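Note sheet for the following structure.
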Amino acid sequence: MNGAESSASSSSYSSLNALRHDGIRGVASVPVADSKVKFVIVAGGVISGIGKGLTSSSVGVLLKACGWRVSAIKIDPYINVDAGTMSPFEHGETFVLDDGGETDLDLGNYERFLSVNLTRDHNITTGKVYMEVIERERRGDYLGRTCQVVPHLTDLIQDRIMTAAAVPVDDTGLPPEVVTIELGGTVGDIESAPFVEALRQLRYRHGPQNVCVAFVSLVPCLGVVGEQKTKPTQAGCSTIASLGLPPQLIFCRSDRPLLPETRAKIALFAQVPVEAVVSLHDVSNTFKIPQMMQEQGVTNSLISSLHLSWRLPTLLERWGRMASAFDTCQGECTIAIVGKYTGLADSYLSVIKALEHAGMALHRKVHVRWVAAEELEEDGAVVRSSPPPGTMAEDTGRGAGAATVATASPTERRVAHRAAWHQLQEADGILVPGGFGSRGVEGKILAIRHAREQRVPYLGICLGMQLAAIETARARLSGCERASSAEFDAHADPPIVVFMPEVDKTRMGGTMRLGARKTVFAPQAQRSCLATQLYGRHDYIMERHRHRYEVNPDFIQRLEQEGGLAFVGRDESGQRMEIVELPQSVHRFFLATQFHPEFKSRPGAPSPPFLGFVAAAAGMPLDADAIAAMTERVRSQEPWRPTPGDIATAQACMSSHWFSLRI
Numbered sequence: 001m002n003g004a005e006s007s008a009s010s011s012s013y014s015s016l017n018a019l020r021h022d023g024i025r026g027v028a029s030v031p032v033a034d035s036k037v038k039f040v041i042v043a044g045g046v047i048s049g050i051g052k053g054l055t056s057s058s059v060g061v062l063l064k065a066c067g068w069r070v071s072a073i074k075i076d077p078y079i080n081v082d083a084g085t086m087s088p089f090e091h092g093e094t095f096v097l098d099d100g101g102e103t104d105l106d107l108g109n110y111e112r113f114l115s116v117n118l119t120r121d122h123n124i125t126t127g128k129v130y131m132e133v134i135e136r137e138r139r140g141d142y143l144g145r146t147c148q149v150v151p152h153l154t155d156l157i158q159d160r161i162m163t164a165a166a167v168p169v170d171d172t173g174l175p176p177e178v179v180t181i182e183l184g185g186t187v188g189d190i191e192s193a194p195f196v197e198a199l200r201q202l203r204y205r206h207g208p209q210n211v212c213v214a215f216v217s218l219v220p221c222l223g224v225v226g227e228q229k230t231k232p233t234q235a236g237c238s239t240i241a242s243l244g245l246p247p248q249l250i251f252c253r254s255d256r257p258l259l260p261e262t263r264a265k266i267a268l269f270a271q272v273p274v275e276a277v278v279s280l281h282d283v284s285n286t287f288k289i290p291q292m293m294q295e296q297g298v299t300n301s302l303i304s305s306l307h308l309s310w311r312l313p314t315l316l317e318r319w320g321r322m323a324s325a326f327d328t329c330q331g332e333c334t335i336a337i338v339g340k341y342t343g344l345a346d347s348y349l350s351v352i353k354a355l356e357h358a359g360m361a362l363h364r365k366v367h368v369r370w371v372a373a374e375e376l377e378e379d380g381a382v383v384r385s386s387p388p389p390g391t392m393a394e395d396t397g398r399g400a401g402a403a404t405v406a407t408a409s410p411t412e413r414r415v416a417h418r419a420a421w422h423q424l425q426e427a428d429g430i431l432v433p434g435g436f437g438s439r440g441v442e443g444k445i446l447a448i449r450h451a452r453e454q455r456v457p458y459l460g461i462c463l464g465m466q467l468a469a470i471e472t473a474r475a476r477l478s479g480c481e482r483a484s485s486a487e488f489d490a491h492a493d494p495p496i497v498v499f500m501p502e503v504d505k506t507r508m509g510g511t512m513r514l515g516a517r518k519t520v521f522a523p524q525a526q527r528s529c530l531a532t533q534l535y536g537r538h539d540y541i542m543e544r545h546r547h548r549y550e551v552n553p554d555f556i557q558r559l560e561q562e563g564g565l566a567f568v569g570r571d572e573s574g575q576r577m578e579i580v581e582l583p584q585s586v587h588r589f590f591l592a593t594q595f596h597p598e599f600k601s602r603p604g605a606p607s608p609p610f611l612g613f614v615a616a617a618a619g620m621p622l623d624a625d626a627i628a629a630m631t632e633r634v635r636s637q638e639p640w641r642p643t644p645g646d647i648a649t650a651q652a653c654m655s656s657h658w659f660s661l662r663i
């Protein structure tokens, strides 16, 4: 929690904290069943990328709305230690956690839906567990015994699950009561076999009353009449049951609602009640998924399977109102995302979600226009792609639509160049997200110049901030017409962006400046700068980072005095630049950050830079009074913020040992 959030939330939660420590399932209250944490295992069959992450997140929302403390774990059966070195085209974005963990993007879904802060331990990979088993063997921890997948690997997997399950992830500081475990990939794959066996043992050791198995499967529709085929789901259920994990809930992904006869057939072959077969058909926005599950009785099924209780339906009602607001926005604006990985929307998933959160809070529909940075360059390559815009059906198409830099004729390049500039010039706001490498850099700089000169609202993130400094140096600093970054040109003259001295140059994985770091606002800027107003005029904030390069401290004075930039946020040493902006007297909204604010954006609690950016793009006022009113109004919309009515309900239920209010 950053400084802006901590003081704002302390008073709101004081009444609830008093209740928590007064006997409502607090530390000393009556525990569930046999004092064991409950687990919901979410696995999938038929194909990967079917939506298990969103399903797991939505299950967590239902349980949290019942009043339980919920956490989430993601198992990735790849040999990579983490997602830090994986291509965005292949795997989507790398999501960064507070502790610096570089993880699968599904952990971003968990954090956004559940309003929790996870750790690197909540992402378990084949690479991590094999590395630890081998290290233990080398140390002699196994006392000369033969190391095997069973029991050594499977026991370690269970140890890691239990360790992560005990980590507090919300503001209560108490351990979770229910943990969702998403098993990546497809059941039956050779890569996932050790994890399936470990989960089978986990269920056996903790008892079926403490573990609910949910299976996500595809129900395709074939033919002109759209016949729903159940055979893939039948086969998948049979496979996972044969491995010792009989499904108790079956979530069926389809482009349309399941027919009654389809549900009955799946229930018959899977040996589950008909109400345990749930239709997860395409919806207009992913925030509607928990409500869709609730309408089909999923909450009752979870409560029954895990021997829990169900209270406080008003919390889910507030979530439902927020989801409905997404489709009933009063206005709209268009944002051009100028990037390198525009061929796959998952590469910038958190950026897209942060824009959505800001749009929902402001009742504005945000339309994203993808602009391939290379196509803005005069002789740039043509990037051919078809990025998915963001419904549930499209969000889960991981790996599809990856961009290819095509060998194009001069005519094709001219057409692509004109089209890219048309998209940019028609946009109400321009966003340059983070990235690595030199490809497309000159196109991004041209986009930043257009935003600055034409006074189009601009938000730069990580590389987007570094390039804003380079563009300003080229345009306004004498002798800096060829300014560049040491990342793109080892002999840059002058180097406006340089390699950070403490970063390892020889290893790629886990060697960047990662995780939550403090950004301190300059004292002279605290009253007037845009960033401090958006963050609530606090002395400092905590935001997540992922970078190897920084703006050269030797050029800060010139960039401010000659270039007109204002570096209003720095690290604790005062030497590393974190936030830069143009004064509002010069440009209505020109803000860039070295950190990644998108990673901490939440539904109902949008990231402050994104909130201001979308407001500016939508033509809304951004004076000090307007910003203060806007941020206060947004805070009141948080779906998990307790109201006096929630507290009254809690007080009325004091006699129930099973009742829990967990915000």
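What the sequence shown shows, in the UniProt record's numbering, is residues 1 to 663, in sequence order.
C-beta atoms are modelled at their ideal positions from N, C-alpha and C, and glycine is treated no differently.
None of the values given here were measured: they were computed from a predicted structure.
Item	Value
Supposed contact pair LEU114 and GLY60 - C-beta distance, whole angstroms, cut 8 Å	5 Å
Proximal residues to MET630 (C-beta, below 8 Å), its chain only, five neighbours per side dropped	LEU362, LEU611, ALA615 and MET620
Simplified DSSP state of ARG633, which is helix, strand or coil	helix
Helix, strand or coil at TRP640 [DSSP, three-state]	coil
Straight-line gap, LEU218 to ILE250 (C-alpha atoms, nearest Å)	10 Å
Nearest-angstrom Cα separation, counted from VAL272 out to LEU280	17 Å
Start-end ranges of the beta strand (DSSP E) lying completely within the region 74 to 122, minimum 3 residues	none
Cα-Cα separation, PHE595 to GLU378	30 Å
Whole-Å CB distance - PRO457 paired with GLY429, under 8 Å assumed	4 Å
Close-in-space but distant-in-sequence residues of the same chain around TYR110 (CB under 6 Å, 5 per side omitted)	SER57 and ALA72
Selection from GLU356, SER309 and VAL351 that minimises the alpha carbon distance to ASP327	GLU356
Beta-bridge pairing of PRO495 - partner residues as DSSP gives them	SER484
Of the listed residues LEU156, PRO77, ALA469 and ASP171, nearest to MET577 (C-alpha basis)	ALA469
Pick from GLU261, VAL351, ASP98 and ASP159 that is closest to LYS128, judged by C-alpha positions	ASP159
GLU578, DSSP secondary structure in three states	strand
Opening and closing residue of the beta strand (DSSP E) in which VAL366 lies	364 to 372
Under 8 Å between C-beta atoms of ILE579 and ALA531	yes
Whole-angstrom distance between HIS587 and ARG398, CA atom to CA atom	Bear in mind that the predicted position of ARG398 carries a pLDDT of just 39, short of 50, making it unreliable; the figure below should be weighed with that in mind. The straight-line gap from Cα to Cα measures roughly 38 Å.
Bounding residues of the alpha helix (DSSP H) (the contiguous stretch that carries HIS206)	193 to 206
VAL70 beta carbon less than 8 Å from that of VAL216	no
Contained alpha helix (DSSP H) runs [length at least 4] in the region 442 to 478, N- to C-terminal order	463 to 476
Given VAL277 as reference, the closest of TYR540, ASN285 and SER301 once Cα atoms are compared	SER301
Cβ contact check for the region 567 to 575 and the region 512 to 522: 3 or more pairs under 8 Å	yes
Nearest residue (CA-CA) to SER484, options ALA475, ARG476 and PRO494	PRO494
Helix, strand or coil at HIS307 according to DSSP, with G and I counted as helix	coil
Beta-carbon spacing of LEU119, ASN80 below 8 Å	A small correction: the amino acid at residue 119 is Thr; Leu does not occupy that position in the sequence shown. Not a contact, by the Cβ cut-off of 8 Å.
C-beta atoms of LEU431 and LEU459 nearer than 8 Å	yes
Start-to-end residues for the alpha helix (DSSP H) that takes in ILE335	That residue, ILE335, is in no alpha helix (DSSP H); its beta strand (DSSP E) goes 331 to 339.
Residue nearest to PHE613 in terms of C-alpha spacing, selected from THR286, ASP104 and VAL351	VAL351
As assigned by DSSP and simplified to three states, the class of VAL32	The pLDDT assigned to VAL32 is 32, lower than 50, so where the model puts this residue is not dependable, and the model offers no usable value.
PRO387 in three-state terms, based on DSSP	Confidence in PRO387 is poor, its pLDDT being 42 and thus under 50, which makes the residue's placement unreliable; the coordinate value appears in the next sentence. In this structure, PRO387 counts as coil in the three-state DSSP scheme.
HIS587 in three-state terms, based on DSSP	coil
Simplified DSSP state of ARG256, which is helix, strand or coil	coil
Candidates ALA373, LEU153 and ILE289: closest to LEU463 by CA position	ALA373
Three-way DSSP call (helix, strand, coil) for SER528 in this model	coil
Runs of beta strand (DSSP E) wholly within the region 130 to 185 (minimum 3 residues, chain order)	178 to 183
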